[in-house]
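Participant:
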Amino acid sequence: MISKKIILTGSFGVGKTSIFNQFIFQKFSDKYLTTIGVKVNKKTMNVKGQELSLLVWDIAGEVTQDKVPTSYFLGASGIIYVMDLSRPLTFDKAEEDTKYLKNLIPGAKLKLVGNKKDLLTESELAETVANIKLPIDSITSAKTGENILELFTSLAEDLI
Amino acid sequence: MTQGNHIREDERALEKLKDILLNKDRAELEELRSILNNQDKLSEKVRPIILSHFDFLKENFSSEYEEIVNTLIDKKLKQSEQELLDLIYPSLGKMISKYVALQMTTLKESIESSVKSKFSIGRSIKSMFTGVKESDLIIKDAVVSTIEEVYIIQRDSGLLISSASNQDSMDRDVIAGMLTAIKSFVEDAFNKDAQDLEMIEYGSYKIIIRSYYSFYIAIAVSGAFSATEQFELGTKIDSFAEYKMKLFKGKYDISSEEISLLLEQDFIQK
Ligand SMILES: Nc1nc2c(ncn2[C@@H]2O[C@H](COP(=O)(O)OP(=O)(O)OP(=O)(O)O)[C@@H](O)[C@H]2O)c(=O)[nH]1
Ligand SMILES: [Mg+2]
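Given below as structure tokens:
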């Protein structure tokens, strides 16, 4: 079976661990326990008739990506960069950060994700998305589980 | 003397002169031909020229050919950088092990002097026959150690290349990832001079880690594990890595099961 390494990254508190837990265990908690270091877990998916084992690294959030130890990113096939749609500060650095990450691991597929969709109304969401200058790949809610599986499936498809 | 006679006389003299000159030329030509056709003679002539060129090269090789050779070496090195590093790493490890062993000996000597007072005759005899130091036997007598798990893990991604084990319960892909994450975390947090994390200890478990260029090997050991055992295991892992190298060729195209079998043979005691 093919194994791929995927990294969840972004600023702190944007919901990386929540996305991780929703994807792996289909569970969500309102409690905020900040991640220290890294947590790794695995999920096997069937993508386009192909068995794929995703090793997901949930890392501690940092305000800018250059603060994350570069060794965490080594050998990653996919990067999920998460922003908190309810906190505009978390997409301020997105352009700079994604540029930095693309440069650091040129081979990896990068997905730009806006999380906590459930905290915004339709019109707020439209306004927020318009304000983010980068093309967002996925708008998710780790709380309701909306678009979480789709996010990983589309990333996995890119990796095959 | 007539005018005509005079001319004829001149011509004859010229003829003679020509003859003399040409004769010399012909003789030289003949000699040249014989040299060219005779290998011994030819080599006798050419040798000094070649030798002097050799001398010239000895003196001036670097300035004349340095660039060409450098480009060639650069190219070759770039092509096989990974293979080269994979080859060098185990030897480096051995050199470092040797140094560490020396330090350990000093420590063990101090232990030995402290256990001298309470030696047992049985152990001393065993020590005499097996060549194992008494201090090691004392420690070994206390608890026996067992190798529980062996992992070969890609160094950068943390993806599991292969593993072997006594039991069958954990998800080894996840363990490989976590080990790599912990290793990266520690190395990043405490390392100022690019050293590798070599051991993780929890409870009665020890995870011995040996890092090579593109992969690392982690072995989980339970029970008391003496310094000598640890050193021996390190050396054993190094030779395994070195031998493995030839199978890997940096590509990992040998199947995970095949490597697992080798790991089991070499490390797991049933
Ligand atoms: N309403 C809502 N809350 C969310 C969502 N995702 C995460 N949260 C909450 O946001 C807080 C932070 O979530 P985490 O998943 O711990 O964030 P993180 O990115 O892992 O944070 P660090 O580990 O500190 O970098 C927690 O209280 C979560 O319950 C979401 O989609 N909707
Ligand atoms: Mg977290």
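For the protein sequence lines, the chains are A and B, in the order given.
Going left to right, the first sequence walks through residues 10 to 169 as this note's numbering numbers them.
Going left to right, the second sequence walks through residues 736 to 1005 as this note's numbering numbers them.
Even glycine gets a Cβ: it sits at the ideal position worked out from N, Cα and C.
(1) When the Cα of A:E159 is compared with those of A:Q74, A:P78, A:I89, which residue comes out closest?
(2) So for A:T26, helix, strand or coil by DSSP?
(3) Smallest Cα separation from A:E155: which of A:S163, A:K126, A:E133, A:D146?
(4) Note down the Cα distance separating A:E133 from A:E166, rounded to an integer number of angstroms.
(5) Return yes when the C-beta of A:V77 is under 6 Å from any heavy atom of ligand 1, and no when it is not.
(6) Taking just the CA atoms, how far does A:S147 sit from B:M1020?
(7) Name, in chain order, the residues that DSSP records as bridge partners for A:M92.
(8) Are A:N50 and A:V65 close, meaning C-beta to C-beta below 7 Å?
(9) Throw me the rounded Cβ distance for the A:L164 and A:I33 pair, which I believe falls under 8 Å.
(10) Between A:L143 and A:A103, is the Cβ-Cβ spacing less than 7 Å?
(11) Among the residues of its own chain, which have a CB less than 7 Å from the CB of B:K941, if the five just before and after it don't count?
(12) Please state whether the Cβ-Cβ distance between A:V23 and A:V72 is less than 7 Å.
(13) Can you find at least 3 beta carbon pairs, one from the stretch 991–1003 of chain B and one from the stretch 881–895 of chain B, that sit closer than 8 Å?
(14) Taking Cβ-Cβ distances shorter than 7 Å, what residues in chain A pair up with B:S898?
(15) Quick check on the DSSP output: the beta strand (DSSP E) that includes A:G19 runs from which residue to which?
(16) Measure the C-alpha to C-alpha separation of B:S949 and B:Q774 and round it to an integer number of angstroms.
(17) Using beta carbons (cut-off 7 Å, strictly below), is A:V49 in contact with chain B?
(18) So B:E816 contacts chain A; which residues on that side make the cut at Cβ distance below 9 Å?
(19) Report the neighbours of A:P78 on chain B: residues whose CB is nearer than 9 Å to its CB, in chain order.
(20) By the 10 Å Cβ neighbour count, where 16 or more other Cβ atoms means buried, how is A:I157 classified, buried or exposed?
(21) Would you say the beta carbon of A:T137 comes nearer than 6 Å to a heavy atom of ligand 1?
(22) If you drop the 5 nearest sequence neighbours on each side, which residues of the same chain put their C-beta closer than 7 Å to that of A:F37?
(23) With distances taken from CA atoms, which of A:K40, A:P115, A:K48 is nearest A:T18?
(24) Is any non-hydrogen atom of ligand 1 found closer than 6 Å to the C-beta of A:K125, if you look at the structure I gave you?
(25) Indicate whether at least one CB of chain B lies closer than 7 Å to the CB of A:L83.
(26) Which class does B:K753 belong to by DSSP, given the choice of helix, strand or coil?
(27) Going by beta-carbon coordinates alone, are B:I944 and B:L932 separated by less than 7 Å?
(28) Please classify A:Y81 as buried or exposed, where buried requires at least 16 other C-beta atoms within 10 Å of its C-beta.
(29) Taking the Cβ atom as the reference point for each residue, do A:S86 and B:L894 lie within a distance shorter than 7 Å?
(30) So what's A:I145 in DSSP terms, helix, strand or just coil?
(31) To the nearest angstrom, report how far apart B:F789 and B:Q817 are at their CA atoms.
(32) Beta-carbon within less than 8 Å of B:I917's beta-carbon, same chain only, minus the 5 sequence neighbours each way: which residues are those?
(33) Work out the CA separation of B:Q965 and A:N140 for me, nearest whole Å.
(34) Could you check what DSSP says for B:N773 in three-state terms: helix, strand or coil?
(35) For a contact meaning CB atoms closer than 8 Å, what does A:K14 contact in chain B?
(36) For a test of your reading of the model: does the CB of A:L110 fall under 6 Å from any non-hydrogen atom of ligand 1? Yes or no.
Facilitator: So, to answer that:
(1) One-based indexing of the first sequence puts residue 159 of chain A at position 150. Looking at the Cα atoms, A:I89 is the closest of the given residues.
(2) Numbered from 1 along the first sequence, position 17 holds the residue referred to as residue 26 of chain A. Of the three classes helix, strand and coil, the one that applies to A:T26 here is helix, per DSSP.
(3) Sequence index remark: in the first sequence, residue 155 of chain A carries index 146 (1-based). Selected option, being the one with the closest Cα: A:K126.
(4) Numbered from its first residue, the first sequence carries residue 133 of chain A at position 124. Numbered from its first residue, the first sequence carries residue 166 of chain A at position 157. Between the C-alpha atoms of A:E133 and A:E166 there is a straight-line separation of about 31 Å.
(5) Stepping through the first sequence from its first residue, residue 77 of chain A is reached at position 68. Taking non-hydrogen atoms of ligand 1 into account, the C-beta of A:V77 is found less than 6 Å away from none of them.
(6) For residue 1020 of chain B there is no data in the structure shown, the boundaries of chain B being 736 and 1005.
(7) Taking the first residue of the first sequence as position 1, residue 92 of chain A is located at position 83. Answer is A:G123.
(8) If you number the first sequence from 1, residue 50 of chain A lands on position 41. If you number the first sequence from 1, residue 65 of chain A lands on position 56. In contact: A:N50 and A:V65 (Cβ atoms closer than 7 Å).
(9) As a first step, residue 164 of chain A is located in the first sequence; it is residue number 155 there, counting from the start. As a first step, residue 33 of chain A is located in the first sequence; it is residue number 24 there, counting from the start. So it is not a contact: roughly 14 Å between Cβ atoms.
(10) Along the first sequence, read from residue 1 onward, the residue named residue 143 of chain A stands at position 134. Along the first sequence, read from residue 1 onward, the residue named residue 103 of chain A stands at position 94. Cβ atoms of A:L143 and A:A103: closer than 7 Å.
(11) Taking the second sequence and counting its residues from 1, one reaches residue 941 of chain B at position 206. Hits under 7 Å: M934, V956, F960.
(12) Within the first sequence, residue 23 of chain A is the residue found at index 14, counting from 1. Within the first sequence, residue 72 of chain A is the residue found at index 63, counting from 1. Not closer than 7 Å, so no.
(13) Note that the stretch 991–1003 of chain B touches the stretch 881–895 of chain B; at least 3 beta-carbon pairs, one per stretch, sit closer than 8 Å.
(14) Taking the second sequence and counting its residues from 1, the one referred to as residue 898 of chain B is at position 163. Chain A residues near B:S898: none, gap ~13 Å exceeds 7 Å.
(15) As a first step, residue 19 of chain A must be located in the first sequence, where it is residue number 10. From DSSP, the beta strand (DSSP E) with A:G19 extends over 11–19.
(16) Locating residue 949 of chain B in the second sequence gives position 214, counting from the first residue. Locating residue 774 of chain B in the second sequence gives position 39, counting from the first residue. Taken atom to atom, the span from the alpha-carbon of B:S949 to that of B:Q774 is near 56 Å.
(17) Position 40 of the first sequence, counted from the start, is the residue given in the question as residue 49 of chain A. With 7 Å as the cut-off, A:V49 counts as an interface residue toward chain B.
(18) Numbered from 1 along the second sequence, position 81 holds the residue referred to as residue 816 of chain B. Within 9 Å Cβ-Cβ: nothing; B:E816 doesn't reach chain A, min ~16 Å.
(19) What you label residue 78 of chain A is simply residue 69 of the first sequence in a count that begins at 1. Ordered by position in chain B, the residues that pass the 9 Å Cβ test against A:P78 are S919, F920, E922, D923, A924.
(20) Sequence index remark: in the first sequence, residue 157 of chain A carries index 148 (1-based). By the 10 Å Cβ count, A:I157 comes out buried.
(21) Taking the first sequence and counting its residues from 1, the one referred to as residue 137 of chain A is at position 128. Closer than 6 Å to some heavy atom of ligand 1: that does not describe the Cβ of A:T137.
(22) Counted from its first residue, the first sequence places residue 37 of chain A at position 28. Answer for A:F37: S27, N30, Q31, A151, K152, listed in chain order.
(23) Residue 18 of chain A sits at position 9 when you count from the first residue of the first sequence. The option with the nearest alpha carbon to A:T18 is A:K48.
(24) Within the first sequence, numbered from 1, the residue matching residue 125 of chain A stands at position 116. The beta carbon of A:K125 sits closer than 6 Å to at least one heavy atom of ligand 1.
(25) Counted from its first residue, the first sequence places residue 83 of chain A at position 74. Yes, because at least one Cβ of chain B sits closer than 7 Å to the Cβ of A:L83.
(26) Taking the second sequence and counting its residues from 1, the one referred to as residue 753 of chain B is at position 18. In the three-state DSSP reduction, B:K753 falls in the helix class (H, G or I).
(27) Counting from 1 along the second sequence, the entry for residue 944 of chain B is found at position 209. Counting from 1 along the second sequence, the entry for residue 932 of chain B is found at position 197. Taking 7 Å as the cut-off, the Cβ atoms of B:I944 and B:L932 count as close.
(28) Taking the first residue of the first sequence as 1, we reach residue 81 of chain A at position 72. The residue is buried, with at least 16 neighbouring Cβ atoms inside 10 Å.
(29) In the first sequence, counting from the first residue as 1, residue 86 of chain A sits at position 77. In the second sequence, counting from the first residue as 1, residue 894 of chain B sits at position 159. Contact flag unset, no.
(30) For the purposes of this step, residue 145 of chain A is taken as the residue at position 136 of the first sequence. Three-state result, A:I145: coil.
(31) Translated into the one-based positions of the second sequence, residue 789 of chain B becomes position 54. Translated into the one-based positions of the second sequence, residue 817 of chain B becomes position 82. Looking at the backbone, the Cα of B:F789 and that of B:Q817 are separated by about 36 Å.
(32) For the purposes of this step, residue 917 of chain B is identified with residue 182 of the second sequence, where counting begins at 1. Counting only Cβ-Cβ distances below 8 Å, and skipping sequence neighbours, we find L932, I935.
(33) Mapped onto the first sequence, residue 140 of chain A falls at position 131. Mapped onto the second sequence, residue 965 of chain B falls at position 230. It is roughly 58 Å from the alpha-carbon of A:N140 to the alpha-carbon of B:Q965.
(34) Reading the second sequence from its first residue, position 38 is the one you call residue 773 of chain B. When secondary structure is reduced to three states using DSSP, B:N773 falls in the coil class, being assigned neither helix nor strand.
(35) To locate residue 14 of chain A, count along the first sequence from 1; it is residue 5. By Cβ distance, chain B contributes S892, G893, L894, G912.
(36) To locate residue 110 of chain A, count along the first sequence from 1; it is residue 101. Within 6 Å of the C-beta of A:L110 there is not a single heavy atom belonging to ligand 1.
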